[in-house]
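S.K.: Following this message is one structure expressed as structure tokens.
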Amino acid sequence: MRDRLERREFLRITGGATLAAAATGLVACASRGLVAGAPTGDAARGGPPGSGGGGPPGPAGRGADPAGTPGLVSSPVYKRHLEGVPHVETPARLDAIDAALSVAPLAGRLLPIPPRPATEEELLLCHTRAYVATARAESEAGRTALSTGDTEVSRGSWPAALLAAGWVMAAVDAVVAGTVKNAFCAVRPPGHHATPDRGMGFCIFNNVALAARHAQRRHGLGKVLIADWDVHHGNGTQDTFYRDGSVFFMSTHQWPLYPGTGRADETGAGRGRGCILNCPFPAGAGRAEILGAFQERLVPAADAFKPDLVLVSAGFDSRRDDPLGRFRLTDQDFIDLTDVMLGIARRHAGGRLVATLEGGYNLKGLAAAVAAHVGALTRA
Ligand SMILES: [Zn+2]
Numbered sequence: 002m003r004d005r006l007e008r009r010e011f012l013r014i015t016g017g018a019t020l021a022a023a024a025t026g027l028v029a030c031a032s033r034g035l036v037a038g039a040p041t042g043d044a045a046r047g048g049p050p051g052s053g054g055g056g057p058p059g060p061a062g063r064g065a066d067p068a069g070t071p072g073l074v075s076s077p078v079y080k081r082h083l084e085g086v087p088h089v090e091t092p093a094r095l096d097a098i099d100a101a102l103s104v105a106p107l108a109g110r111l112l113p114i115p116p117r118p119a120t121e122e123e124l125l126l127c128h129t130r131a132y133v134a135t136a137r138a139e140s141e142a143g144r145t146a147l148s149t150g151d152t153e154v155s156r157g158s159w160p161a162a163l164l165a166a167g168w169v170m171a172a173v174d175a176v177v178a179g180t181v182k183n184a185f186c187a188v189r190p191p192g193h194h195a196t197p198d199r200g201m202g203f204c205i206f207n208n209v210a211l212a213a214r215h216a217q218r219r220h221g222l223g224k225v226l227i228a229d230w231d232v233h234h235g236n237g238t239q240d241t242f243y244r245d246g247s248v249f250f251m252s253t254h255q256w257p258l259y260p261g262t263g264r265a266d267e268t269g270a271g272r273g274r275g276c277i278l279n280c281p282f283p284a285g286a287g288r289a290e291i292l293g294a295f296q297e298r299l300v301p302a303a304d305a306f307k308p309d310l311v312l313v314s315a316g317f318d319s320r321r322d323d324p325l326g327r328f329r330l331t332d333q334d335f336i337d338l339t340d341v342m343l344g345i346a347r348r349h350a351g352g353r354l355v356a357t358l359e360g361g362y363n364l365k366g367l368a369a370a371v372a373a374h375v376g377a378l379t380r381a
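Sequential numbering of the sequence shown, starting at 2, is according to our numbering.
This is how it looks when you write it as structure tokens:
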């Protein structure tokens, strides 16, 4: 019932039912935004296509301390999702990120994390068996979109979705093992709109939610904190943990905007009461509102919650000049947000932090913001 009410409210507020609706006409401009002069794509990565290996920008430099080196996750497999399909959530997003991370000062400082796909059983940590079967059947059948919501798919979407979920879990494994200090996962499709039984908003499986459950079940980490600075509310993550209590979810997002959830009075229920912290802000909000929410609302909440692991739904469509949002965050703001999260991780979680890519559709802006974010991770 709650979902039905929220969807109706979204329709009323925005007059549209899809995340892509706001991007109409912007795909062409988005796909021109590659970082000029930098190597891109598979050539920059050096890994054989389809191997899933060799994420950019190559292994940590000689003499680097792996334990102090942020892990990085990327793979050509992610580019098979919506390959050749005109869409704002384009494989070119990863080309732009790869290029930005392949040049100084980050080149050679990042340690690729060995890839692996999630098993279908692992997907059941957060998703229903019926939805997993639907997502697989519809992707492999060559449908253009999932029947569950506004998530376009192609034949390459299924392996990409499995690898996105599995690699974020692998990043958790690496951080827990101490192989790397923290990790940024440049994966697609994104995940935070995917609910337990529904893909929507460009998302198939909820990568960050699966990582949280994996950390709990595989590593016995009892409490996980997820912060989401994407311009859109992470409705799927909220739905997954709304009544849970072992996962604290905080989101800053533009309101009103897709998907229409994330009101301040949505705070969790049952055992999860008080474990959802929504901070909606109007179009035009920037550093004062969003960094302020992280510093003044999330930090005390996190200090009370005392997480064993910190996860970040790192969406960069909250940066200024994004075609899908109207927030005004700068690259310096992403550095400062990252530092807030690193501080929480350091105080409570032994420094364990894994960030995973969500939105970000201005390719030049995405590349610059990711470089700023990853640069802050390297200084942890
Ligand atoms: Zn978004």
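By construction, the Cβ of each residue, glycine as well, lies at the ideal position given by its N, Cα and C atoms. Remember, it's a predicted structure, so these values are computed and weren't measured experimentally.
According to DSSP, is alanine 350 part of a helix, a strand, or is it coil?
M.R.: coil
S.K.: Is the beta carbon of alanine 381 less than 8 Å from the beta carbon of glycine 352?
M.R.: Going by C-beta atoms, alanine 381 is nearer than 8 Å to glycine 352.
S.K.: Exposed or buried, serine 148, counting other C-beta atoms within 10 Å across all chains shown (16 or more means buried)?
M.R.: exposed
S.K.: Helix, strand or coil for asparagine 363 per DSSP?
M.R.: Correct three-state label for asparagine 363: coil.
S.K.: Less than 8 Å separating the beta-carbons of lysine 80 and leucine 95?
M.R.: yes
S.K.: Which value, in whole angstroms, describes the spacing of the CA atoms of valine 154 and valine 188?
M.R.: 15 Å
S.K.: Taking Cβ positions, are proline 92 and proline 118 nearer each other than 8 Å?
M.R.: Going by C-beta atoms, proline 92 is not nearer than 8 Å to proline 118.
S.K.: Does the beta-carbon distance from aspartate 240 to histidine 254 come in below 8 Å?
M.R.: No, the pair does not count as a contact, with Cβ atoms beyond the cut-off.
S.K.: Is the beta carbon of glycine 237 less than 8 Å from the beta carbon of alanine 195?
M.R.: yes
S.K.: Would you kindly work out how many angstroms separate the C-alpha atoms of glutamate 141 and glycine 271, rounded to a whole number?
M.R.: Using only the alpha carbons, I get a separation of about 38 Å.
S.K.: Cutting at 7 Å between CB atoms, please list the residues of its own chain near valine 311, excluding the five before and the five after it.
M.R.: Leu226, Met342, Ile345, Ala346, Ala350, Arg353, Leu354, listed in sequence order.
S.K.: Of the residues Ala303, Thr379, Val89, which one's Cα is nearest the Cα of aspartate 151?
M.R.: The shortest C-alpha to C-alpha distance from aspartate 151 to any of Ala303, Thr379, Val89 is the one to Val89.
S.K.: Would you grab the beta carbon distance between aspartate 1 and tyrosine 362 for me? Rounded to a whole angstrom, and I think it's under 8 Å.
M.R.: In the structure displayed, the chain extends from 2 to 381; residue 1 sits before or after that span and is not available.
S.K.: Let me know the beta strand (DSSP E) ranges lying completely inside the region 57-126, each 3 residues or longer, listed in chain order.
M.R.: 72-74
S.K.: Could you spell out the range, first to last residue, of the alpha helix (DSSP H) harbouring serine 389?
M.R.: With the chain running from 2 to 381 in the structure shown, residue 389 is simply not present.
S.K.: Three or more C-beta pairs closer than 8 Å, one from the region 250-264 and one from the region 282-296: is that the case here?
M.R.: yes
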